[in-house]
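Our numbering numbers the first residue of the sequence shown as 277 and each following residue consecutively.
The next block holds one structure in the form of structure tokens; read it before the comments.
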Amino acid sequence: MSSRSATGSGSLMWFRKGLRIHDNPALEYASRGSTPVYPVFVIDPHYMEPDPTAFSPGSALAGLNRIRFLLESLVDLDLSLKKLGSRLLVLKGEPSEVVIRCLKQWDVKKLCFEYDTDPYYQALDMKVKNYASSAGIEVFSPVSHTLFNPAYIIQKNGGKPPLSYQSFLKLAGQPSWASSPLSVSLSSLPPVGDTGSCEISEVPTVRELGYEDYEQDELTPFRGGESEALKRLKESISNKEWVANFEKPKGDPSAYVKPATTVLSPYLKFGCLSSRYFYQCLIDVYKNVKKHTAPPVSLVGQLLWRDFFYTAAFGTPNFDQMKGNKICKQIPWNNDDELLAAWREARTGFPWIDAIMVQLRKWGWMHHLARHCVACFLTRGDLFIHWEKGRDVFERLLIDSDWAINNGNWLWLSCSSFFYQYHRIYSPISFGKKYDPNGNYIRHFLPILKDMPKEYIYEPWTAPLSIQKKSKCIIGIDYPKPVVSHDSASKECKRKLAEAYALNQKLNGQVSEDDLKTLRRKLEGDENQESGSKRQRQNPSDLS
Ligand code: FAD
Numbered sequence: 277m278s279s280r281s282a283t284g285s286g287s288l289m290w291f292r293k294g295l296r297i298h299d300n301p302a303l304e305y306a307s308r309g310s311t312p313v314y315p316v317f318v319i320d321p322h323y324m325e326p327d328p329t330a331f332s333p334g335s336a337l338a339g340l341n342r343i344r345f346l347l348e349s350l351v352d353l354d355l356s357l358k359k360l361g362s363r364l365l366v367l368k369g370e371p372s373e374v375v376i377r378c379l380k381q382w383d384v385k386k387l388c389f390e391y392d393t394d395p396y397y398q399a400l401d402m403k404v405k406n407y408a409s410s411a412g413i414e415v416f417s418p419v420s421h422t423l424f425n426p427a428y429i430i431q432k433n434g435g436k437p438p439l440s441y442q443s444f445l446k447l448a449g450q451p452s453w454a455s456s457p458l459s460v461s462l463s464s465l466p467p468v469g470d471t472g473s474c475e476i477s478e479v480p481t482v483r484e485l486g487y488e489d490y491e492q493d494e495l496t497p498f499r500g501g502e503s504e505a506l507k508r509l510k511e512s513i514s515n516k517e518w519v520a521n522f523e524k525p526k527g528d529p530s531a532y533v534k535p536a537t538t539v540l541s542p543y544l545k546f547g548c549l550s551s552r553y554f555y556q557c558l559i560d561v562y563k564n565v566k567k568h569t570a571p572p573v574s575l576v577g578q579l580l581w582r583d584f585f586y587t588a589a590f591g592t593p594n595f596d597q598m599k600g601n602k603i604c605k606q607i608p609w610n611n612d613d614e615l616l617a618a619w620r621e622a623r624t625g626f627p628w629i630d631a632i633m634v635q636l637r638k639w640g641w642m643h644h645l646a647r648h649c650v651a652c653f654l655t656r657g658d659l660f661i662h663w664e665k666g667r668d669v670f671e672r673l674l675i676d677s678d679w680a681i682n683n684g685n686w687l688w689l690s691c692s693s694f695f696y697q698y699h700r701i702y703s704p705i706s707f708g709k710k711y712d713p714n715g716n717y718i719r720h721f722l723p724i725l726k727d728m729p730k731e732y733i734y735e736p737w738t739a740p741l742s743i744q745k746k747s748k749c750i751i752g753i754d755y756p757k758p759v760v761s762h763d764s765a766s767k768e769c770k771r772k773l774a775e776a777y778a779l780n781q782k783l784n785g786q787v788s789e790d791d792l793k794t795l796r797r798k799l800e801g802d803e804n805q806e807s808g809s810k811r812q813r814q815n816p817s818d819l820s
């Protein structure tokens, strides 16, 4: 409840995601009937402060590629605001403290920002809203990052999030705004007001944030910003046939010169592109073609996957962890830092897996099926390492890193939630070969293997030494031997998952830490026994 009324006539538009002018209801409302309008972005040290101890350049939470992408998006936003007679005010510090300080100093009666379902922003926004309401400042916080309001879908489903895509579709129906045109442009914005003693800066460079510049070949080819997003969107939808026939998961994960999907995810992540505008453009294409694909495989279907994970994440306490997460199977994953580092640093010895991990480090983006392969390999396919560890690596390095989507997909790929067919494992050898028999993708991202004949490119350890020498790549010296034997590792993983699933079923999901410890001991005992008897089978002379 307001204890006093704000006297100002201006508004503060707080940008966080939603780094765009088009379809931005918070910005539109901020500018309606208000002068001045303060467009603010706060550089949050929590996300941006350099962390020299991190495993690659960047902050503790974000790799440098994503930080750079964000800065490019801010520069673009600033330019667009300037064209409209305004500009971006960049401040630094803990965002809720900074925004409250601005509200105290500036002539503001309205605070506008896009609603954010991520737990970090939920906590932050609560503090800011509490202050605003005590100061009599109106808060306008519309849902415009997703197609639907996750809270509304959860409410429609009796307070629980739908946990299957089909049930989500049924509840969601058509978006309410789908048939009316979205506001995609603004002609002008009210000027910025006096900023008093608040420390305002231009958008900083990576160097000004305390980072050294990257080597050129480590940079993602994707540039941040709304202008780039709209250009990319236009290119994608101009090929009507491609849009109409889009069918995931049919695309080629090894296509890197021209990726098989839109690569709009980083733009959607930062809100440089409105998912609602994207949706409307796709519907317009569908109206002009005879036949088109449908969810879950169509492009609209992909946007609905995004909303599905947003809704599941918003309605599930502890969605980002195994412990205390009711929809997550409790599984006694291994703790093996060496294997985890080998996976993260593209040293598994499986070229298909390592090339994908190099693409992740260099580009911050990989095709969906490529993500499937490395996530499956790390968790239930081969290494049996906790999905949370893989999630953390993706979270830092992806330029499209998104809290709800990343966690949701790791839950899926590790067969911890949503998808439970743990016997279906991606082969780190034959899967990529289907799409790219010559191994061009591997040769590009792992140039050490560029001269390996195609017969061996997916399994270079099987190449005779003479071929390895000729290819200037000795396995075990220039490129690692495989960290596991895929056949036996995947068999082990399936056995462990079968036991873990049985325990989850027996205890009706109420698996305690002690239960998991007991199961882990049992599985390790079985494993030792198994490898002991294997050794005996291989060396019968040891028996005597
Ligand atoms: P397109 O196929 O062109 O699809 C258009 C848009 O639909 C995407 O930009 C994205 O916003 C959405 N979309 C597509 N697939 C999915 C999906 N499976 N789930 C949710 N939304 C989807 N995507 C992220 O945006 N951020 C992440 O942090 C992320 N982490 C992932 C982690 C794992 C382990 C896996 C398997 C997938 C992850 N994805 C993530 C989902 C998906 O791989 C990417 O959204 C997609 O590859 C992005 O490329 P695109 O924009 O060309 O997709």
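Ideal Cβ positions, reconstructed from N, Cα and C, are used throughout, including at glycine.
The structure presented is a predicted model; accordingly, all values stated were derived computationally and were not measured.
In whole angstroms, what separates the C-alpha of Val-533 from that of Asp-327?
Translated into positions along the sequence shown, residue 533 becomes position 257. Translated into positions along the sequence shown, residue 327 becomes position 51. Taking the straight line from one Cα to the other gives about 32 Å.
At least three beta-carbon pairs within less than 8 Å, the stretch 373-388 to the stretch 533-552
no
Starting from Ile-629 and walking both ways along the beta strand (DSSP E), at which residues does that stretch end?
Position 353 of the sequence shown, counted from the first residue, corresponds to residue 629. Premise fails: Ile-629 lies in the alpha helix (DSSP H), 627-639, not in any beta strand (DSSP E).
Going by other Cβ atoms of all chains shown within 10 Å of its Cβ, with 16 needed for buried, is Ile-225 buried or exposed?
Not covered by the structure: residue 225. The range shown for the chain is 277 to 820.
Does DSSP classify Lys-405 as helix, strand or coil?
Translated into the one-based positions of the sequence shown, residue 405 becomes position 129. In the structure shown, Lys-405 sits in a helix (DSSP, three-state: H, G or I).
Which class does Asn-784 belong to by DSSP, given the choice of helix, strand or coil?
On the sequence shown, position 508 is the one that residue 784 refers to. DSSP places Asn-784 in the coil class of the three-state scheme, outside both helix and strand.
Proximal residues to Gly-309 (C-beta, below 6 Å), its chain only, five neighbours per side dropped:
One-based indexing of the sequence shown puts residue 309 at position 33. Once the five neighbours on either side are set aside, Gly-309 has no close Cβ partner at all.
What did DSSP end up calling Val-669 once you bin it into helix, strand or coil?
Residue numbering aside, residue 669 sits at position 393 when the sequence shown is read from its first letter. Correct three-state label for Val-669: helix.
Integer Cβ distance of Gly-334 from Arg-637, believed to fall under 8 Å
In the sequence shown, the residue the question calls residue 334 occupies position 58. In the sequence shown, the residue the question calls residue 637 occupies position 361. So it is not a contact: roughly 11 Å between Cβ atoms.
Inter-stretch contact (C-beta, 8 Å, three-pair minimum) for the stretch 402-415 and the stretch 496-514
They do not touch, by the three-pair rule.
Can you check DSSP and say which residues form a bridge with Pro-312?
Sequence index remark: in the sequence shown, residue 312 carries index 36 (1-based). In DSSP, Pro-312 forms no bridge with anything.
Would you list the one or two residues that DSSP bridges to Asn-610?
To locate residue 610, count along the sequence shown from 1; it is residue 334. DSSP output for Asn-610 lists Ile-661 as bridge partner(s).
So the beta strand (DSSP E) Glu-414 belongs to, where does it begin and stop?
Numbered from 1 along the sequence shown, position 138 holds the residue referred to as residue 414. Run containing Glu-414: 414-416, per the beta strand (DSSP E) assignment.
At what residues does the alpha helix (DSSP H) containing Trp-581 begin and finish?
The residue given as residue 581 occupies position 305 in the sequence shown. Counted as a single uninterrupted DSSP element, the alpha helix (DSSP H) harbouring Trp-581 occupies residues 575-590.
Met-289: first and last residue of the uninterrupted beta strand (DSSP E) it sits in
Start at 1 with the first residue of the sequence shown, and residue 289 comes out as number 13. Start and end: 286-291.
When you measure from the CB of Trp-686 to every non-hydrogen atom of the ligand FAD, does any distance come out below 7 Å?
In the sequence shown, the residue the question calls residue 686 occupies position 410. Yes, the ligand FAD has a heavy atom inside 7 Å of this Cβ.
Residue from Phe-670, Pro-736, Leu-364, Gly-684 whose Cα sits closest to the Cα of Glu-478:
For the purposes of this step, residue 478 is identified with residue 202 of the sequence shown, where counting begins at 1. Closest option to Glu-478, Cα to Cα, is Leu-364.
Determine, using beta-carbon pairs with one atom in the stretch 765-782 and one in the stretch 661-669, whether at least three such pairs fall under 8 Å.
no
When the distance is taken between beta carbons, is Asp-668 closer than 8 Å to Ser-766?
Here residue 766 corresponds to residue number 490 of the sequence shown, with the count starting at 1. Here residue 668 corresponds to residue number 392 of the sequence shown, with the count starting at 1. For Ser-766 and Asp-668, no; Cβs fall outside 8 Å.
Looking only at its chain, what residues have a beta carbon closer than 6 Å to the beta carbon of Glu-325, apart from the 5 residues adjacent to it on each side?
Taking the sequence shown and counting its residues from 1, the one referred to as residue 325 is at position 49. Closer than 6 Å at the Cβ level, and outside the excluded window around Glu-325, lie Ser-335.
With respect to the beta strand (DSSP E) encompassing Val-366, which residues constitute its N-terminal and C-terminal limits?
Along the sequence shown, one-based indexing puts residue 366 at 90. 365-368 is the span of the beta strand (DSSP E), which, as asked, contains Val-366.
CB-CB length for Val-519 against Asp-299, believed under 8 Å:
Here the question's residue 519 lines up with position 243 in the sequence shown. Here the question's residue 299 lines up with position 23 in the sequence shown. Contact doesn't hold; Cβ gap of about 19 Å is too wide.
Is it a yes or a no for the stretch 706-715 touching the stretch 727-736, going by three-plus beta-carbon pairs under 8 Å?
yes
Indicate, with yes or no, if the ligand ADP has a heavy atom lying under 7 Å from the CB of Arg-508.
Among the ligands in the structure shown, the ligand ADP does not appear; only the ligand FAD can be found there.
With DSSP run on the structure shown, which of helix, strand or coil describes Pro-326?
Indexing the sequence shown from 1 puts residue 326 at position 50. Note: Pro-326 maps to strand in three-state DSSP.
Distance between Tyr-755 and Lys-745 (C-alpha atoms, nearest Å)
Within the sequence shown, residue 745 is the residue found at index 469, counting from 1. Within the sequence shown, residue 755 is the residue found at index 479, counting from 1. When rounded, the distance between both Cα atoms is 12 Å.
How do the stretch 634-650 and the stretch 672-681 stand: do at least 3 beta-carbon pairs fall below 8 Å, yes or no?
yes
Is Trp-581 near the ligand FAD, with its Cβ less than 7 Å from a heavy atom?
Within the sequence shown, the letter at position 305 stands for residue 581. Yes; taking the cut-off as 7 Å, the Cβ of Trp-581 has a heavy atom of the ligand FAD nearer than that.
Can you give me the start and stop residues for the alpha helix (DSSP H) that Leu-506 sits inside?
Working through the sequence shown from its first residue, we reach residue 506 at position 230. Bounds of the alpha helix (DSSP H) holding Leu-506 are 502-514.
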